[in-house]
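A.B. asks: There's a structure below that I have some questions on.
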Amino acid sequence: MSQFYNSIAEKYDAIFPLSPAHKVFFDAEVYGKTVLDVGAGTGNLTAYLRAQGYDVTAIDLSKALIAQATAKDIEVQELNMLAIDTLPMLDTIINIGNTLPHLDNKDEVQTFLKKAYNQLTQGGKLILQMVNFEKYFAQKEGNFLGNLPLIENEKVKFERSYHLNREGKVVFKTVLDETIANEELLQPILSEELTLWLSQIGFKDLKLYGNFKKEPFNPETSMALIVIAQK
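Below you can see the structure in the form of structure tokens.
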């Protein structure tokens, strides 16, 4: 994972800016005072939440992304998401940006969810956001799952596509500015299994959305899967 993000670190903010919809969403959904931003990247969401008065711990594994955050005076710790049980108790845990599928397998995904539950205060929230893999599996042709929307502006061109390998992992292929090609393996996570795991662990009041504007989640058409779960 680190190699992939290290390769795009300098263009990360142009590829994945913090949108007005993000701000409205988190203004409404963050619970309590203490927040963990998992896969914080260059720290844009962390900086926004800190400016709103939250006590935010930010973690990531990419040294290059952390360096970009540091250059903006945003503190991000180098820590694996499976080590969140080494942190103090938290009121809200945020894991967005398709970070969760970077874990190696479904057992690790469930381990993270269990640790998140244990680290949350009573009433605390877990906020997850990832690609809606079901949409891509439904349009599968051979091992090709489809192209993700092109990200292109005056600063960057970022092409992305999904492919399926023999082990059932999603091969995430990217081309940055038509020159830097990369591949990353992802563990696909489907909405039904994710909500089942969360419920079995003890989370309640699950809410599913298809984007940060809180439009309803549709497994056939939504680009994203967002889940809010409460302890």
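First residue of the sequence shown? That's 1 in full-length UniProt numbering, and the numbers climb one at a time after it.
The beta carbon of each residue, even a glycine, is placed where N, CA and C say it ideally should be.
Since we're looking at a predicted model, the values are computed, not measured.
Which one of 163, 204, 153, 112 has the shortest CA to CA distance from residue 81?
C.D. replies: Closest option to residue 81, Cα to Cα, is 112.
A.B. asks: Considering only DSSP beta bridges, list what residue 122 is partnered with.
C.D. replies: According to DSSP, residue 122 bridges with nothing at all.
A.B. asks: Roughly how many whole angstroms lie between the Cα atoms of residue 148 and residue 159?
C.D. replies: Spanning the two alpha carbons is a distance of roughly 8 Å.
A.B. asks: Using 8 Å as the cut-off, can you tell me whether the stretch 191-208 makes contact with the stretch 86-98, which would need three or more C-beta pairs spanning the two stretches below that distance?
C.D. replies: Flag = no, the stretch 191-208 and the stretch 86-98 do not touch.
A.B. asks: CB-CB under 7 Å to residue 56, same chain, minus the five flanking residues each way: which ones, in chain order?
C.D. replies: So the list reads 35, 37, 46, 49, 50, once near-sequence residues are dropped.
A.B. asks: Express the C-alpha separation of residue 224 and residue 146 in angstroms, rounding to a whole number.
C.D. replies: Going from the Cα of residue 146 to the Cα of residue 224 covers about 15 Å.
A.B. asks: State yes or no: is the C-beta of residue 192 nearer than 7 Å to some heavy atom of the ligand NAP?
C.D. replies: Ligands displayed in this structure: none; no statement on the ligand NAP is therefore possible.
A.B. asks: Which of the three DSSP states is assigned to residue 203 in this structure?
C.D. replies: Residue 203 falls in the coil class under three-state DSSP.
A.B. asks: First and last residue of the alpha helix (DSSP H) that includes residue 135?
C.D. replies: Its alpha helix (DSSP H) spans residues 133-138.
A.B. asks: Is residue 25 near residue 203, with beta carbons less than 8 Å apart?
C.D. replies: For residue 25 and residue 203, no; Cβs fall outside 8 Å.
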